[in-house]
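Below is one structure, written out as structure tokens, with a few remarks after it.
Numbering (our numbering), first residue to last: 225 to 343.
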């Protein structure tokens with residue numbers, strides 16, 4: 225499962241937001257790292273059960289409950305993502321999505337006096 229501590233995932237586009245996920249695990253001072261890992265694993269399992277392939281805005285928190293007892297909390301947003309196309313020309317050639325009439329400029333076909341697409 226992919227994770228991101230921001231709203232975006234590099235090289236991917238968010239398709240659908242499925243909802244928040246939150247998981248908590250108790251740990252002692254001696255096994256705090258294991259508690260954080262367990263909370264993260266629980267969050268992954270909840271997101272996977274929702275049909276997500278990514279958790280965005282993932283945060284991991286530790287709160288002291290009492291002397292030597294801590295709670296590890298993992299929260300985030302479960303989403304589905306798809307790979308981003310590498311170039312605009314492959315985007316237009318793979319799928320007919322030229323809804324703003326940019327295709328002639330992408331393939332260097334002059335139109336209205338312009339010789340190429342301006343970035």
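Cβ atoms here follow ideal geometry from the backbone N, Cα and C, with glycine treated the same way.
heavy atom of the ligand MN below 7 Å from residue i C-beta
i	result
residue 291	Among the ligands in the structure shown, none appear at all, so the ligand MN cannot be discussed.
Range covered by the alpha helix (DSSP H) that runs through residue i
i	result
residue 256	256-274
Interface flag, residue i vs chain C, CB-CB below 8 Å
i	result
residue 250	The question asks about chain C, but that chain is absent: this structure has only one protein chain.
Residue of the options minimising C-alpha distance to residue i
i	options	result
residue 288	252, 234, 247 and 239	252
residue 263	297, 303, 304 and 226	297
residue 275	292, 242 and 258	242
Residue i to residue j span [Cα, whole Å]
i	j	result
residue 225	residue 240	16 Å
residue 285	residue 278	19 Å
residue 248	residue 307	31 Å
residue 234	residue 280	11 Å
residue 257	residue 293	13 Å
Cβ-Cβ distance between residue i and residue j below 8 Å
i	j	result
residue 305	residue 245	no
residue 271	residue 302	yes
residue 282	residue 259	no
residue 295	residue 250	yes
Segment limits, beta strand (DSSP E) that includes residue i
i	result
residue 215	As displayed, the chain neither begins before 225 nor continues past 343, which places residue 215 out of reach and without an answer.
residue 289	278-290
residue 301	293-307
Closer than 8 Å is the cut-off here; do at least three beta carbon pairs connect the segment 228-237 with the segment 259-267?
no
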